[in-house]
Each structure stands twice: as structure tokens, then as C-alpha cells.
Amino acid sequence: MSTPTLPQTATRPVSRPLSGLMGLFRRSPRTATGIGILLFMVLMAVFAPLLSDYSPTAGAFGRLEAPSAEHLLGTTALGQDIFTQLLYGARLTLLIGFATGLIATAIGTTLGVSAAYFGGRVDELISGLTNVFLVLPGLPLLIVASALLRGAGEGAIIIVISLTGWAWGARVLRSQALSLRRRDYIDAALASGETPGRMIFREMLPNLAGIIAANFFGTAIYGVLSEATLSFLGIGDVSVVTWGTMLYWAQANQALLAGAWWWVAMPGLGIALLGTSFALLNFGIDEISNPKAAAAGRLRAVKRERVVAAAATGPALPINPQALLSIRNLSAGYQTPQGPVRAVRDVSLDVMPGEFLGLAGESGCGKSTLAFAATRLLAEPGEVFSGQSVLSGRDLLKLSEAELRQVRWKEYSLVFQASMNVLNPVIRVREQLYEAMRAHGVTDKAALAARARELFELVGIRESYLDVFPHQLSGGMKQRVVIAIALALEPKLVVLDEPTTALDVVVQRQILEEIQAVRKRLGIGIVMITHDLSLLVEMSDRIAIMYAGEIVEEASSQALSGAPLHPYTRRLMNAFPPLDGPRERRDGIPGRPPSLAVDLPGCPFAERCDSVIPGLCSSHKPVLSEIAPGHRVACFLHSPQQWPSHPEPTLQTSSSAKEAAHALASD
Amino acid sequence: MLSPATESRSVPIGTSTAAPPALELHALTKVFKAGRSKRSVTAVNALSLSIARGEVLALVGESGSGKSTVARLIARLETPTSGSVSLAGEAMPVHLNAAALRQLRRRVQMIFQDPYASLNALNTVGYTLSRPLLLHHLATPRTVQASVNQLLERVGLSPGAQWAARRPGELSGGQRQRVVIARALAARPELILADEPTSALDVSIRLDIMNLLLDLKDQEGLSMLFITHDLSGARYMADRVAVMYAGSVVEIGPAEAVIGRPQMPYTQLLRRAAPKFAEVRAADQITDAAPLRGEVPDLTNLPPGCAFEPRCPHAMPVCRSALPPLYEVSPGHQVRCVLFDPARPATDSSPEA
Amino acid sequence: MAYIARKFMLLLFTLFVAATINFIMPRLVPGDPIGAMMAKYQGKLTPDAADALRIAYGLDKHGSALQEYFVYLDKIVHGDFGRSISQFPAPVSEVIAGAAPWTLGLVGITTVLAFLIGSALGLYSAWKRGTRLADALPPIGLFLSSMPYFWFALLLVYVFALWHSIFPLGGALDNFIGDSWTPKWWASLLHHAALPALTIVITAAGGWLVTMRNNAMSVLSEDYLAFGRAKGLSEGLILNRYVLRNALLPSLTGFGIAVGFVVGGAIVVEYVFSYPGLGYYLFTAVTALDYPLMQALFLMISAAVLLANFVVDALYAVLDPRVRDGVNA
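So, in C-alpha cells, the structure goes:
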């Protein structure tokens with residue numbers, strides 16, 4: 000039995016370590032700012048007595064004095080120092096904010112998670128309650144409630160604010176907990192016999208931590224603003240010092256009329272900044288828990304390292320003028336904060352007109368990146384580093400945006416993975432089909448409708464499906480629609496990226512047969528990318544095998560299935576247990592593919608290869624070369640002429656190559 | 000290289016064996032109420048089957064066939080609407096108290112499809128594996144570490160101590176699935192329910208996982224329900240195969256018979272649709288298989304008769320009236336299709352491979 | 000249209016709950032409310048007024064609380080809210096009728112304006128991310144949405160009414176303006192509404208900016224956007240049909256709740272500007288312990304917010320085909 004190896008740490012190139020506070024700041028300046036502001040205010044509140052000698056309520060000074068060296072923020076109409084008031088006011092304001100945040104979040108979390116975990120009647124009851132409280136306007140309710148609780152003190156205010164602010168959190172947590180409830184690891188824990196207590200506290204809540212924290216900050220803002228508003232209106236206890244009551248007294252004493260703007264500006268600014276810091280923290284939490292948003296925001300931050308294209312291991316090959324698509328020395332990949340990742344390494348391929356080329360490889364080998372790079376559809380942070388992709392004589396990688404938009408869909412098109420969500424959910428299918436045609440000059444309504452009918456017939460869908468929305472279609476139907484759209488302008492080349500992987504096997508076969516029929520009828524060239532080699536053997540004319548960003552073998556499907564040469568191809572072909580024939584044990588391939596972030600000096604398959612030539616394969620890279628007509632392999636076993644110390648090819652078969660290797664090694 | 004358990008693969012159903020079947024399902028039914036309008040979805044329709052001790056039964060079907068629901072019913076992640084589930088001859092009562100549920104959870108373990116979803120990303124591998132050991136009193140807090148390490152080494156993750164400290168995010172798909180298998184093994188179950196355990200893995204890893212499952216099954220004397228949509232995987236793993244369509248078993252028998260010479264038109268359709276290398280193609284051309292038309296049936300609106308009837312090339316009026324029983328085609332090989340009704344006059348359209 | 004029917008039922012039910020809360024709250028206050036009011040209005044309350052109050056409270060009937068409850072509900076349905084104490088002898092419904100147009104006008108228009116402006120800026124900020132202005136907008140939006148409404152109102156008053164007398168200090172119209180609906184009348188109206196409106200628009204737009212930006216960012220990373228581009232569609236078409244329409248929908252779901260907050264803020268703004276709308280009167284009613292007016296206003300405000308919510312929900316059903324079919328988006 001093969002023993003997996005521990006994840007490598009040494010070979011990965013160590014780049015700028017993003018740890019600690021500096022790392023946080025660089026990754027997310029907003030979160031850092033938020034933390035900074037909050038910290039500042041907390042310190043202000045805690046160290047108030049140290050920062051100011053005065054008492055906040057003693058009116059010992061001149062009235063309404065403007066800011067000066069003695070009174071940094073001036074004085075009030077009663078002769079109190081505003082700076083001191085601000086410091087001490089911070090205490091209660093922060094306390095109220097945190098307290099309401101805590102209580103409201105606790106209520107919301109308990110109710111939301113309970114509703115999700117217990118379901119049924121409990122859920123209905125809690126959801127009903129939540130919906131009602133969510134819609135009742137908070138502040139008017141607060142005002143009326145507080146008015147009735149006159150003289151009850153700040154504690155009562157905190158409770159009342161919390162009671163009006165919990166509903167939003169309950170709703171959000173319920174939906175999050177519901178989706179968690181359906182996750183497999185929850186079911187797995189259940190099936191293991193886990194106790195409900197541990198289920199909720201150890202399995203579910205930690206995964207909800209981000210949402211709960213975000214909810215806390217959201218309700219804390221609500222609490223601070225509500226208290227400020229209530230205090231400003233004079234509701235609640237105006238004898239305590241909070242930033243809100245400061246504003247009340249300012250207004251009551253007509254501060255603005257007297258020109259004492261500082262009395263009004265500072266407490267309000269404090270509240271606004273506190274609220275902003277909570278909002279920034281919320282933002283930061285969102286970024287951490289939602290990688291998509293984070294990646295989009297991080298766009299600019301990633302420094303563009305100039306990728307030094309590895310020296311071409313073979314001669315720069317000329318374009319094939321007869322080919323429909325001629326890819327030459329294409330290198331592409333992604334810019335990540337840890338440095339560039341080369342997912343496609345010096346790939347050269349031809350697709351002849353009307354040919355069906357299959358591109359096979361496992362996850363992480365770079366085949367999708369190749370397809371997107373060659374068709375100029377690689378989105379950031381993806382990037383094409385070097386090479387050419389020539390379609391009917393034009394290099395797609397050198398076209399301008401305007402030229403590209405004309406060529407796209409008309410000369411070539413792309414069918415995305417079946418599991419992806421490629422149809423706009425709010426627009427009818429018919430319109431999405433028309434869009435593609437209209438963008439390329441077809442505007443006559445009758446022509447559009449006729450073509451739409453024709454296309455649907457081609458892919459085997461009823462015409463009535465033209466006027467539905469995407470969510471009304473099953474997975475197989477959706478994919479057929481996507482294929483119909485891809486064929487709309489009769490392109491010469493269609494690239495399909497795992498077009499049937501997520502679909503049922505019968506639907507998969509239907510769609511593939513439809514693709515074959517269409518191809519024969521219209522004479523289009525097809526590139527199909529998949530991990531399922533057995534499908535390609537049946538359907539394609541030629542197959543290219545990709546491993547760790549490189550093409551390792553390329554041949555006609557008969558040659559490849561009949562006599563695979565590359566050790567990886569051989570092992571891969573062996574990995575499909577047959578439906579007939581002897582029932583025997585087979586082995587997979589031990590180990591895992593190398594990380595695309597690392598540039599290896601030798602053959603990428605060397606560490607897993609059972610025919611590895613010691614001293615050669617790990618240190619030297621084999622070049623893709625033609626072994627038999629139309630059959631290319633990148634392997635030292637079949638290309639002895641590439642061995643560094645022996646220029647002449649003297650050996651024909653792989654077994655004798657092994658013998659020769661041993662002979663050489665003992666020289 | 001044949002596995003040592005080859006002998007047991009040819010034991011046909013019906014021959015008396017000393018031990019009661021590891022699992023027996025009788026008329027198991029599950030009806031869900033879906034959506035706001037509370038439409039009822041019959042996911043599993045009076046299903047019966049059995050698995051002998053040490054046997055692997057593959058449950059083959061497409062999405063919507065109900066195969067995953069069957070596993071969930073056995074593991075009591077869902078409660079059956081009616082019918083019975085028996086383990087080693089004892090029937091499970093419909094309402095299980097906490098203690099009985101705990102016992103069930105020790106004897107029956109489940110492996111899920113998506114290795115990235117079935118492990119809690121926040122917990123270490125060691126914690127995840129320690130839970131079943133502690134819950135079922137198979138280790139004490141002092142011995143659990145050693146037990147966890149042993150488990151990991153049994154599934155090929157050596158040295159166990161180093162793997163135990165890792166979190167799922169640091170592991171590849173294949174490694175995660177090994178951890179999932181280790182977790183299932185921890186409770187020392189009698190029966191493993193493997194729900195598409197290799198579908199989400201790379202092709203070259205699948206064989207390793209399947210081989211691991213076969214080896215562990217032999218070593219521990221486990222019985223296994225192997226759920227898959229892939230016929231070749233079913234053939235590789237299983238002694239017997241059951242094919243499901245719209246909540247019912249439509250064909251069941253020894254793996255070689257069901258997959259090699261399918262009788263039910265739906266199974267023939269599956270076989271025809273399966274990817275195979277070109278040289279095997281010719282053999283299929285002969286069969287009078289169903290054309291590739293139509294999609295899986297709407298489970299909220301199941302007809303009273305055979306659910307495959309709309310797509311079947313041999314459909315007859317009697318197919319619509321009632322769901323036929325299972326007819327025996329050869330020893331141990333049964334088909335739910337009126338074409339095999341011995342009382343029916345023979346016509347020339349009966350398919351024969 | 001089961002979805003809309005359900006939402007309408009929710010509307011009615013919540014109104015009912017609001018009315019019930021209204022009824023329960025004053026009765027939770029210990030002691031005798033009338034006595035408290037009497038003490039407050041020492042000598043200012045004529046015997047007639049005191050009696051009217053007792054009748055309005057149903058305290059003359061000495062029935063059970065439940066009986067009072069049904070009497071109360073019955074009265075509401077008939078629009079009889081009793082008489083205001085602070086504006087005695089005006090009936091509450093009259094006070095509300097006078098104040099409502101001001102609030103509906105101010106809040107209605109500014110909420111919509113804030114939504115449109117904020118969303119447009121948010122969309123811009125996401126679409127043109129990487130440019131300076133687009134990246135500066137989110138922090139500004141965050142700050143604006145964290146500002147207390149009233150504080151911003153005070154600042155505006157200080158700068159534009161006290162320091163530079165561009166706008167009036169408060170009120171809805173100049174005194175002695177003459178006939179209504181004349182151009183002079185309109186000019187005065189707009190002149191007085193400028194600062195309150197500006198306050199609400201600027202403060203509320205900030206929240207919409209951030210929300211819309213977040214929605215647009217997640218739409219921008221969706222697969223169907225890449226497919227749209229792959230088809231060769233123009234950037235304008237992508238922005239309009241793919242980004243805008245899909246980013247707007249999640250914004251709408253929060254609209255109803257946001258209206259609640261805006262109304263809350265508007266109350267305080269009316270107070271600061273002495274703008275004679277529902278909020279202003281709610282505040283004066285609270286200060287004066289004018290229970291009939293206070294309760295009626297609360298109910299009215301709740302009804303307005305609930306109705307706005309309902310309209311938005313209906314709009315959402317029109318715009319999102321998935322909702323119409325009851326599919327989870």
C-alpha cells in the first residue's frame with residue numbers, strides 16, 4: 000500500500016512572511032485602522048484620570064471658553080472641561096456599546112442557532128418573532144419605551160436597546176447555521192455519535208465565529224448610536240456623562256447659537272469615529288471569512304513580479320500555418336502574495352481544423368489555465384507570462400481589447416465547467432442566446448429567432464425552454480444551453496473545459512454524443528479538457544497528457560491507448576478498472592503531483608516514477624520530442640539522445656534503456 | 000493479483016450461511032415533505048435488500064435515485080417513514096432512545112463523498128479521530144493519543160503522531176479521505192456505508208482508496224455498502240451489485256452478472272453510457288439497449304407503475320399499471336421488469352447479452 | 000403570487016403586534032398614568048380635559064384589561080385615536096393629518112434619493128476599483144453611515160444657518176407666507192427643507208454605498224460575468240445587465256429594514272430643525288407625556304415603515320424570477 004508523504008515545507012521558496020501586525024496592516028489596512036481607533040478610545044477611557052486632572056462634572060472654570068492650552072477642547076456653559084468630559088464620557092459610551100452588542104448578539108445567536116438546530120415548530124416560532132421585530136421601526140419603539148421608563152437608569156436603557164436590536168443577528172445566524180447544518184462534517188459528527196452539546200459548541204459555533212463577531216460589531220454601533228440619540232433627546236439619565244448627554248447639554252444650552260462649536264463637534268466626532276472603527280472591523284472580518292471579496296480587494300496590493308521565463312528547454316518552434324490553433328511556448332500562471340505560480344510551462348500544441356483534441360490531466364496540472372490562457376480569458380490574478388496562441392493566423396495574445404471582442408465567440412468559443420454558474424440568473428435563456436449574436440452584428444429579430452430554434456434543435460432541447468430562466472433548468476439542460484450559445488456564431492474552434500463532469504453518466508453520454516454529431520456536421524475543431532481519460536480515448540482524434548504544467552505525451556488516441564509511452568500515461572491508463580475482462584487488483588500512483596509554486600530542475604514526475612533513471616531524471620528536464628510519427632513524449636526513457644553525456648541514440652526499447660542507464664552509471 | 004477474499008465473491012444469495020446477514024432492509028420507505036407547498040417526495044420506495052457478513056454490496060444509481068438516502072436511513076441521519084432495518088438479525092426499532100442510538104452509531108459508520116466537506120476545518124485530525132474513540136469508550140483520555148496514531152498508520156498515514164497534529168486544510172483530497180476512513184474505523188463498526196467515497200478524488204488516487212477499503216474490510220471482517228454512480232468502480236469493489244432507479248431496486252445480483260450481462264433495460268442504459276476504452280465498444284453494439292433519451296424522473300410525481308417506462312424501448316401498457324416485483328433471472332440475479340415475468344408469453348424482444 | 004400574499008399577511012400581523020405593544024406599554028408603567036399626568040399639568044388641565052382623558056383611556060368604564068384591549072382595537076380601526084393632551088383640544092387624527100405630509104415628503108423623497116445616489120456611487124466604486132476615487136469612497140461611506148444623524152444636522156445648521164446664513168434655522172415654511180401652492184410658497188418650502196434633506200441624504204447614502212459596493216464585488220467574481228465577457232459583450236452591457244441587475248437585488252432585501260433606520264434618524268432631524276413632521280410631534284408628545292398622541296404616532300410610523308417594506312418585497316418579487324418560483328437564490 001502506498002504511503003503518502005508529509006507535506007513538504009523546505010522546497011517552497013520562502014518569501015516575505017506576512018505575519019504579525021505589520022502583515023495584518025499590509026493585508027488589510029482597513030482592519031488595522033479599525034483596531035487602531037478602537038484601541039485608542041479604550042485607552043482614552045481607561046486612563047482618563049491619568050490624562051486629565053480635572054473632574055468631568057465640576058464646573059470650576061470659565062464658561063464657554065474656546066479651546067486653549069489649558070482646556071484642550073474648551074469648556075461648557077457650566078464651566079466644565081470638555082476634554083475631561085470626553086475622556087470620562089468614553090467610558091460609559093464604550094460600555095453601553097459593548098454591553099448592548101453583547102446582549103443583543105447573545106440573544107440573536109441563541110435564537111438563530113436554536114431555530115436552525117431544532118427546526119420544525121421551534122424554528123417557525125422563532126422565525127415569526129424575528130420577522131416581526133425586524134420590521135418594527137427601532138428608534139420610535141425605543142423612544143416610546145424609554146419615555147415610559149423614565150428614571151430607570153442606564154441599565155434599563157441598555158436592555159431596551161438590546162431588545163430592539165437582536166432581530167437582525169438572529170436572522171443572519173439562522174441562515175448561516177442552517178447552511179452549516181447541512182454540511183457533511185456535521186452529519187459525520189452525528190453519525191459518529193457526537194453529543195448535541197459538543198455539536199453546537201465545538202462543531203457549529205466555531206465555524207460561525209466570524210458571523211457572530213461581525214454581528215457583535217454591527218449591534219454595538221447600533222447601541223452607541225441609539226444611546227446617543229436617546230440621550231440627545233433628553234430621554235434617559237442626563238446626569239451621567241456620555242458623549243450623547245454631552246450633546247444634549249450642548250443643545251440645551253444653545254451652544255451653537257453662542258458659537259461654541261467645539262462643544263458639539265468633539266463628542267459627535269467621537270461617536271462617528273467609534274462607529275467607523277466598528278464598521279471597519281466588520282469589514283475586516285468579512286474579508287477574512289469571505290476569500291472572494293478579499294481577493295478582489297487585494298488586487299492592487301499584489302506586487303507584480305517580473306517572471307523570468309525559464310530558458311526554453313527546446314528550440315522556439317515555428318507556428319504551424321496549417322493548424323487552426325497553434326500554441327507555442329506558452330507560459331502562464333497566477334500572481335500570489337507568495338510569488339508567481341507557473342501553472343502552464345512552455346506548452347506547445349497544435350489543433351488542426353476539424354480535429355478533436357483531448358487534453359487530459361488531474362486536478363492542479365494546469366489544463367484549465369492553459370485553456371483560458373490560450374483563449375485570452377485568463378482573469379486576474381492570472382497572467383500570461385510569455386508565448387503565442389495563434390488562431391487562423393492571428394495571435395490572440397497580441398490583439399487589442401476591441402479586436403479581441405470581435406474575434407471572441409465568432410472565431411472561437413468556450414464552454415465552461417458543468418458545475419459553474421455561467422448563466423445570468425435574472426435574464427431569460429433566449430435573451431442570453433441573442434446577446435451573443437447581437438454583439439456580433441446580427442440584429443434582425445426573425446434571424447435571431449430562427450437561429451435560436453436551430454441551435455436548440457442541434458443540442459437536443461425543446462424550443463419551449465428558450466423562454467425560461469436558468470434556475471428552472473436541470474444541470475444537463477443548462478449545459479446544453481451553454482453549448483448552444485457557444486455554437487451560436489458557428490465558430491471554427493470550441494474549447495470545452497470539463498463540460499460534463501458534474502452531470503449524471505447518462506446525461507453525460509447524451510451530451511458528448513451531441514457534441515460529436517455537431518462537430519461532424521459543422522466541421523468545427525474541438526479541444527476538450529477533462530480528467531477522465533477514458534472518455535477522451537473514445538471521442539478524440541488526438542490526446543495530450545498534461546502533468547504539473549507540462550505536456551508529457553501527445554499522440555493519436557489509438558496510439559496512446561494501444562501503446563502509451565510515458566510512465567505517467569501508462570499508470571493513468573491503468574487507473575480505470577474495466578467493465579469486462581479479468582477482475583484484478585490495480586494500483587494507483589503513489590505520492591502527489593508537485594506544487595506548481597515550485598520550479599523543479601528535472602522531470603516533474605521523477606519522484607513518483609517507477610522507471611526513474613537515477614542521476615538523470617531529477618536533475619535534467621526532458622524535452623517533448625517525436626518518437627514515432629505523430630507521437631511525442633517528454634521522457635528520457637524514450638529519448639536517449641537527450642541524455643547529457645551521450646549524444647548518439649543507440650537504444651530503441653525502454654527496457655534496454657534501463658540496462659543502458661545502469662551501464663552508464665557504472666562508467 | 001487477486002485479493003484473498005475472491006472466494007466469497009461468488010457466493011450467491013440464497014445459499015444458507017451460518018451467520019445472519021450483516022444488514023437487512025425490508026420495505027424501507029422514506030417520504031420527504033419538500034418546499035412550502037409540502038409536496039411529498041418519495042425518495043426510497045419499499046426497498047428490500049441484504050448484505051452478508053464480509054460482503055461488499057454496491058448500490059448503483061444516478062442522482063435522484065435515492066441511493067444516498069438509503070445510507071442516511073441506515074445511519075439514522077434520517078428516520079424511515081416505514082419499513083425495517085436489521086443489523087446482524089436484530090431489527091432496529093423505529094424510535095431509538097439515546098443509548099440505542101449510540102449503540103447503532105458504533106456498529107454502523109458512514110464515509111461521505113466530499114473529503115473537503117466531511118472534516119471540520121477548524122479541528123485537528125487528532126481531535127476528530129479521538130471523538131469516536133472516547134464516545135464509544137474504546138479508549139480513555141490517557142490512551143486515546145496512542146490509539147489515534149495507530150489508526151492513522153492503519154490507513155497509511157505514517158508516522159501517526161505527525162499527521163494527528165495537522166488540520167484538514169493541510170492535507171490533499173486523498174489524505175483527507177484516508178482520515179475520514181480512519182474516523183469510520185475508529186468505532187470498530189460491523190458495517191460501513193461508503194457514499195461515493197472516490198467520486199471527488201483524482202483518478203489516480205481512486206484506486207488507492209478503493210484498495211484501502213478492500214484491505215481494511217478483509218482485516219476487520221467488515222461488511223460494506225458501496226454507493227456509486229460509476230459501474231466500473233462498482234465492479235472493482237463489489238461482490239454483489241444492486242441498481243436503483245427512482246427509489247427502488249430494479250436489478251440485483253452478483254457483480255459479474257449485473258454489470259457484465261445486465262438484463263434490466265435501465266442497467267443496460269447505464270452500461271452503454273459508461274465511459275469505456277474503445278476496444279470494448281464493439282461488444283455493446285449488439286445489445287438492444289435503451290436509446291439515450293429523457294432524464295431522471297420527477298420524484299414528486301411518481302407513476303404507480305415502473306418509473307423507467309417513459310424511456311424504455313420495451314415499454315408495454317402493463318408497465319404503467321403497477322410496479323412489478325423482482326423476478327429471478329438466474330440464481331441470485333433478480334430483475335424488476337415484466338419482461339422476465341415467467342407467466343408472460345415470451346416475445347422476441349427480450350434482451351439477451 | 001403566494002410570496003406576495005405571505006408578505007401581506009406578515010404586514011398585517013406586525014401591525015397588529017405594534018398596536019398591541021402600544022396598548023401594553025403604558026399599562027406596564029407602575030402607578031396611575033392619569034394621576035401622573037395630572038401632577039405634571041398641575042392646574043393646567045381643565046376638568047373637561049381630565050374627563051376626556053379618562054374616557055380616552057377607557058378608565059371610566061372599569062372593565063377588564065382585555066375588554067379595554069378590544070375597545071382600543073375597535074377605535075383604531077375606526078381611526079379614533081382620542082384627543083391630544085399637548086395640543087388639546089385637537090383630536091389626534093387631526094394632528095397626525097397635519098404632520099404626515101411633511102414627513103412623508105421629506106423622508107419619502109430623501110430615502111429614495113439616498114438609495115439611488117448611494118447605490119450609484121457604490122457601483123462605481125466596485126466597477127472602477129483600483130482607481131483613486133473608487134477606492135476612497137468605501138471608507139468615506141463607512142464614516143458617513145456611522146455618524147449620528149443629529150450631529151451631522153447640527154454641524155450643517157452651524158455652518159449653513161448660523162455661520163453663513165444661507166438656509167433658515169428651522170421650521171417648514173416662513174411665517175406669514177401667504178397662500179399655499181404658489182411659487183413663493185414652493186420656494187420657501189424647498190428653502191426650509193434643504194438642510195434636513197441634505198442631512199438625511201448624506202448620512203443614509205453612506206450605508207447604501209457600502210452595501211452596493213459589497214454586492215457588486217461579489218457579483219463581479221461570479222462565473223456568469225466571465226461567461227458574459229467571453230461572449231464578447233460590451234462593457235456597458237455587462238455593467239447594466241449583469242452587474243447592476245444582480246447587485247441591486249440583495250440591496251433591496253435590506254431596504255425595508257434600512258427604511259426603519261432612516262425613519263428613526265428622520266425623527267431626530269425633525270427635532271433639530273423643528274420640522275413639523277410626525278417625528279417632531281412624537282418627540283414633543285414624549286416630553287409632554289401625551290400618551291394618546293404618542294401611541295398614535297408610533298402606530299402611524301410603524302405602519303408607514305411596514306408598508307414601505309411590503310412595497311419593496313413586492314418589487315423584489317417582480318425583479319427576481321427565482322423568488323417568484325420559490326427557489327432559494
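Chains as they are written, first to last, in numbering that gives the first Met the number 0: chain A, 0 to 666; chain B, 0 to 352; chain C, 0 to 328. Idealized CB from N, CA, C, for every residue including glycine.
Any chain A beta carbon closer than 8 angstroms to residue i
i: B/Glu-61; result: yes
i: B/Phe-111; result: yes
i: B/His-228; result: yes
i: B/Gly-252; result: no
i: B/Val-242; result: no
i: C/Asn-174; result: no
i: C/Val-322; result: no
As assigned by DSSP and simplified to three states, the class of residue i
i: A/Ala-310; result: Bear in mind that the predicted position of A/Ala-310 carries a pLDDT of just 42, short of 50, making it too unreliable to give a figure here.
i: B/Leu-190; result: strand
i: C/Tyr-274; result: coil
i: B/Arg-105; result: helix
i: A/Asp-394; result: strand
i: A/Phe-575; result: coil
i: C/Ser-118; result: helix
i: A/Ala-300; result: At A/Ala-300 the pLDDT is 42, less than 50, meaning the model places this residue with poor confidence and gives no usable figure here.
i: A/Asp-466; result: helix
i: B/Pro-309; result: helix
i: A/Glu-552; result: strand
i: C/Tyr-2; result: helix
Min CB distance residue i to chain B below 8 angstroms
i: A/Asp-531; result: yes
i: A/Ser-325; result: no
i: A/Ala-176; result: no
Cutoff 8 angstroms: residue i Cβ touching any chain C Cβ
i: A/Asn-252; result: no
i: A/Ala-190; result: no
i: A/Thr-129; result: no
i: A/Ala-227; result: yes
i: A/Met-419; result: yes
Expected contact under 8 angstroms - CB spacing of residue i and residue j to nearest Å
i: A/Ile-95; j: A/Val-237; result: Going by Cβ atoms, the distance from A/Ile-95 to A/Val-237 rounds to 14 angstroms, so no, they are not a contact pair.
i: B/Gly-65; j: B/Ala-90; result: B/Gly-65 to B/Ala-90, Cβ: 21 angstroms. No contact.
i: B/Gln-176; j: B/Pro-158; result: About 19 angstroms separates the two Cβ atoms, so there is no contact after all.
i: B/Val-240; j: B/Val-59; result: 6 angstroms
i: C/Asp-222; j: A/Phe-415; result: 7 angstroms
i: A/Thr-667; j: C/Pro-195; result: Residue 667 of chain A lies beyond the stretch modelled for chain A, which goes from 0 to 666, so this question has no answer here.
Spatial distance of residue i from residue j (CA atoms)
i: A/Phe-46; j: A/Tyr-87; result: 9 angstroms
i: B/Gln-174; j: A/Pro-139; result: 57 angstroms
i: A/Pro-469; j: A/Val-506; result: 18 angstroms
i: A/Cys-608; j: A/Tyr-567; result: 7 angstroms
i: A/Val-504; j: A/Gly-459; result: 17 angstroms
i: B/Thr-142; j: B/Ala-185; result: 13 angstroms
i: A/Met-436; j: A/Lys-409; result: 9 angstroms
i: C/Ala-246; j: C/Ile-300; result: 29 angstroms
Enclosing alpha helix (DSSP H) for residue i [first to last residue]
i: A/Ala-359; result: Per DSSP, A/Ala-359 belongs to no alpha helix (DSSP H); it is in the beta strand (DSSP E), 355-359.
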